[in-house]
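Taken in order, these protein sequences are the chains called A and B. Using this note's numbering, read the first sequence as starting at 84 and increasing by one per residue. Using this note's numbering, read the second sequence as starting at 84 and increasing by one per residue.
Number of protein chains: 2
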Amino acid sequence: MGATINDVAKRAGVSASTVSRVLSDNPRISEETKQRVRKAVEELNYYPNAIARSLANCATKTIGLILNTEAESLKRNPFFIEALTGISIYAQENGYNVMFAFNKSEEEDLNIAMRYVSSRSVDGIILFTSRTNDKCISFLKKKKFPFSVIGRPDEIKGVLWVDNDNFQATYQVTDYLISKGHTAISFIGGPLGHNVSKDRLEGFKRAMSIHGVPLEKTFLFENGDFSDDFGYECMMKIISAWEAGQNKPTAVVTCDDMQALGVLKAMQEKGLSDIAVTGFNNTPLGMYQSPKLTSVDVNADKLGFYAAKVLIDFIERKEATTHYIVPTNLVERESAF
Amino acid sequence: MGATINDVAKRAGVSASTVSRVLSDNPRISEETKQRVRKAVEELNYYPNAIARSLANCATKTIGLILNTEAESLKRNPFFIEALTGISIYAQENGYNVMFAFNKSEEEDLNIAMRYVSSRSVDGIILFTSRTNDKCISFLKKKKFPFSVIGRPDEIKGVLWVDNDNFQATYQVTDYLISKGHTAISFIGGPLGHNVSKDRLEGFKRAMSIHGVPLEKTFLFENGDFSDDFGYECMMKIISAWEAGQNKPTAVVTCDDMQALGVLKAMQEKGLSDIAVTGFNNTPLGMYQSPKLTSVDVNADKLGFYAAKVLIDFIERKEATTHYIVPTNLVERESAF
DNA sequence: TAAATATGTGCAAACGATTGTATTTTGGCA
DNA sequence: TGCCAAAATACAATCGTTTGCACATATTTA
């Protein structure tokens, strides 16, 4: 069906090697032959066979993605799809294809990674993971196979990664609230097993201490999860304590829009609306909430874009950048006043 | 770095062809040699090179996805990510890789399709599209390149496709509302350029006529778009008409959760809560709405799964099924009573 | 005018598998 | 012992490129 390099060679009256050199615009071929060959390419509608090319080059020009469906937020959070588009953009710009596989466990993640590297079907791998002590990371490191990670890994030495500055993100949110006059601020955190959570917690604490705002122990939920249930639960505790005579916060900083929804739900049930709430991740869920949620946009598309960039640039030995910090931005809406 | 088939052959004291035959479990090789070869494979930790294999087989064992970011619902609707997981599952089960590319226009879609087929880097393509008169479809048809479509194409002859039964979906919704006693039902549709919209409209109409429920012209918004704005607009018209003395519907059938949100918003603004509303697509946005949205789940993961199945089965000449209809299911929540 | 240097192309060996065909080995039987 | 068929394995071509090196021709220099 498709024409091969030999067909082109024959038609142009040259050898296959010459055709190959014309295609890579090798200066050793005369302009005249180049014209002739290009005409033949045109006429035969010739496209190089990617597979044969890969075999000869020992490069597949494709990168593999390892995604995990364990993450419950997969559906709710547009993070993944945005990151995928970002990856796709940089990859396409540089002539790379992108492969993916969704896995259900760390075991499967590892299997796919092993298959990718041992069958040499990709030139590099992007890991969507924030597991501490990730098996894929150690495997790929040992194999010295090019890879990049979305989310800062435990041990950053010799690994390519991109991440938000999660510290700065909550710092900014907290600073914002303080600048609005809030002085009793609650914080609802995520699982401390993840670096994200630790950083966000620290950002909050730092902003508070810098501004000399006192940290109330009962307002602080350091170790939790990203669910609406957890947000609801925390807020209920706060409200109960208040009803029992304790202080009431005037603002709540959360680490996920879901948590914020939980907080809002608790407030609604108790008929409260005088507490400012901020979310995280800027999901549609927050956008269409009432009040519309002030939230932190993590720019997932940029995360994907730069994850692809560090990886591909590394593969092509273009640049020595090992990581990118993608800034977050605070999206001001109605819930934080 | 990795061992090749020749290394294995040498170590097992046989030829490369024998190793190849052992790997494909060819009965012409004696059990004894098989043992020996397998031991060598084990010891050298040998994995076949996927590229070389592809070149020899004229099969890449990968399928390409053509996705479009034009669709604004990309972020809001978990449709895509769910469909991707479904595709990934069937592909992995059958030893296929999946490649994707996000494009910004039909032109780009076509470019990618052309690149995929002419560089022979995939064995088949899955199209995420519902454009009428899609250029990719006609291109792939002309090239006789294997592909499947998510969403029923205009001309189904000789094309593999999967879709929901959109007719049946709105029929069921309407039937459900009628069974609850509703007799004044409004319908808010999507763009009639898409088959989905036509089918949903027909399903509604049929259910109404079968049950002998009169169709009120002013309740019918046949040609619209899937936005919340459109839903809001329609509902406002209805309410204004009612305020001007016309009838008021007791229920509204929409074609998208976003439309339903718009409807709900209009109702809230007007202090109305006695009208039942149904959504479509069962997005998180609807789930966390108040009232929780009764909606239609399209089982996007299954759509993806079967799109991969028809395609891969066709490529491997396993089965002659040309399409699947994936049933939708009505998710009953609070908004339709 | 011969030698030295550019300049442009072709040859052939990779890349790492698969597979049709040829060849060797084995075993049975006369 | 010799012959033949069957069983097991090896050989070599092939898939479609790329690329180092050799070779031929054109151009300059002594």
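Heads up, the beta-carbon is just placed ideally off N, CA and C, and yes, glycines get one too. Note that the structure is a prediction, hence the values are computed from the model and not measured.
Boundaries of the beta strand (DSSP E) around A/A359: A359 to T361. Between the alpha carbons of B/I164 and B/A174 lies a distance of about 15 Å.
Put simply, the CB of B/P229 is far from chain A, with every gap to its CB atoms at 7 Å or more.
When DSSP states are grouped into helix, strand and coil, A/V105 belongs to the helix group.
Taking 8 Å as the cut-off between beta carbons, the residues of the region 152 to 171 of chain A near chain B are T152, L157, K158, R159, P161, F163, I164, E165, L167, T168 and S171, in sequence order. For B/A334, DSSP records a beta bridge to B/I268 and B/A359. For A/L303, same chain residues with a beta-carbon under 6 Å away, outside a window of 5 residues either side, are F270 in chain order. When beta bridges are read from the DSSP output, B/L210 appears opposite B/I149 and B/V232. Under the Cβ criterion of 7 Å, B/S292 is not counted among the residues facing chain A.
Apart from sequence neighbours up to five positions away, the residues of its chain that approach B/K187 with a beta-carbon distance below 7 Å are T152 and E153, ordered along the chain. The DSSP-derived three-state label of A/V393 is helix. Taking all protein chains shown into account, A/G295 has fewer than 16 neighbouring C-beta atoms within 10 Å of its C-beta and is therefore exposed. Three or more beta-carbon pairs separated by less than 8 Å link the region 165 to 185 of chain B to the region 393 to 400 of chain B, which places the two stretches in contact.
Inclusion of B/A390 and B/I209 in the CB contact set at 7 Å is warranted, their separation being smaller than that value.
A straight-line Cα-Cα distance of about 5 Å links A/A99 and A/A92. A straight-line Cα-Cα distance of about 6 Å links B/T257 and B/A290. Shown in chain order are the members of the region 188 to 210 of chain A whose Cβ falls below 7 Å from a Cβ of chain B: S201, S202, R203 and S204. Remark: C-beta atoms of A/S204 and B/A133 approach each other more closely than 7 Å.
For A/F222, the enclosing alpha helix (DSSP H) starts and ends at K218 to K226. Under the rule that a run must span 4 or more residues, the alpha helix (DSSP H) segments found entirely inside the region 295 to 345 of chain A read 311 to 326. Around B/L127, the same chain offers A86, D90, V91 and R94 as residues with beta carbons nearer than 8 Å, after the five sequence neighbours per side are excluded. Among the CB atoms of chain B, none fall inside 7 Å of the CB of A/N247.
Nearest to B/T405 by alpha-carbon distance, out of B/D246, B/Q255 and B/R283, is B/D246. Residue-level contact check: A/Y259 does not touch chain B, since none of the beta carbons of chain B fall below 7 Å from its beta carbon. Using beta-carbon distances, A/P367 counts as an interface residue toward chain B, with a partner under 7 Å. C-alpha of A/T143 to C-alpha of A/F162: approximately 27 Å in a straight line.
Taking 4 residues as the shortest admissible run, the region 112 to 195 of chain A contains the following complete alpha helix (DSSP H) segments, listed from N- to C-terminal end: 114 to 127, 133 to 140 and 162 to 176. Flagged as an interface residue toward chain B: A/L138, by a C-beta distance shorter than 7 Å. Secondary structure note for B/I293: its alpha helix (DSSP H) is the uninterrupted segment N278 to I293.
For the options A/Y407, A/P229, A/I268 and A/F250, the alpha carbon positioned closest to that of A/R400 is the one of A/P229. The beta-carbon distance between B/P274 and A/S202, rounded to whole angstroms, is 44 Å. This is too long to meet the 8 Å contact definition. With a threshold of 7 Å between beta carbons, A/A184 makes contact with chain B. Sequence-distant Cβ neighbours of A/R121 in its own chain, meaning closer than 6 Å and more than five residues away, do not exist here. With respect to chain B, the C-beta atom of A/I271 has no partner C-beta closer than 7 Å.
B/V256: not part of any beta strand (DSSP E); member of the alpha helix (DSSP H) spanning N249 to S262, first to last residue.
Nearest to B/N160 by C-alpha distance, out of B/F420, B/P367 and B/V409, is B/P367.
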